[in-house]
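Read through the structure below, which is laid out as structure tokens, and then see the notes.
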Amino acid sequence: MVSGVHPFRQFLLRHPALRHMHLFASRNKAFKEDAVLQENVIIRLERDGAQGEVTISHSTDDSFADLSTHGQPFERIVFPNDPEHFIHVPIAIGRNAIERIPPCTF
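The numbering of the sequence shown is the numbering used here, which starts it at 787 and goes up by one.
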């Protein structure tokens, strides 16, 4: 890994396999009783698993009434040419604006 990469991302990308990511679209509904007003993502990891396709799901809130699920290749979660190894949650099946921008290097 590149030095300077956040230690949590470093651990997450080195040890377990990422299997599932769920994104709550509403910042104020999923955990409203706890007054959480930030992005809410739940991940499922598999210890010592081989990394493969990642299941991405999203819903507006914790009722899951509008649940949508699809698979994504791991390369859409962590871009191979990203030295910081940022973790993305692509909720669209096609390429998004971030993926269409050429990578920046410093």
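We treat Cβ as the ideally placed atom computed from N, Cα and C, and that holds for glycine.
According to DSSP, residues forming a beta bridge with residue i
i	result
A803	E832
Q837	DSSP output for Q837 lists no bridge partner at all.
Beta-carbon proximity of residue i to residue j, cut-off 7 Å
i	j	result
Q858	I842	yes
F860	V875	no
Residues near residue i by beta carbon distance below 6 Å, same chain, minus five either side
i	result
H808	I828, S843
Q837	A803, F860
T846	A811, S812, D852
Presumed contact (8 Å Cβ cut-off) between residue i and residue j, rounded CB distance
i	j	result
I877	L804	Actually they are not in contact, since the Cβ atoms of I877 and L804 sit about 16 Å apart, beyond 8 Å.
Nearest-angstrom Cα separation, counted from residue j out to residue i
i	j	result
S812	H871	25 Å
H856	H806	10 Å
N867	L853	31 Å
G835	F797	14 Å
H801	R833	7 Å
R795	F850	28 Å
Own chain residues within Cβ distance below 7 Å of residue i, not counting five before or after
i	result
R830	R805, H806
P793	none
I879	H856
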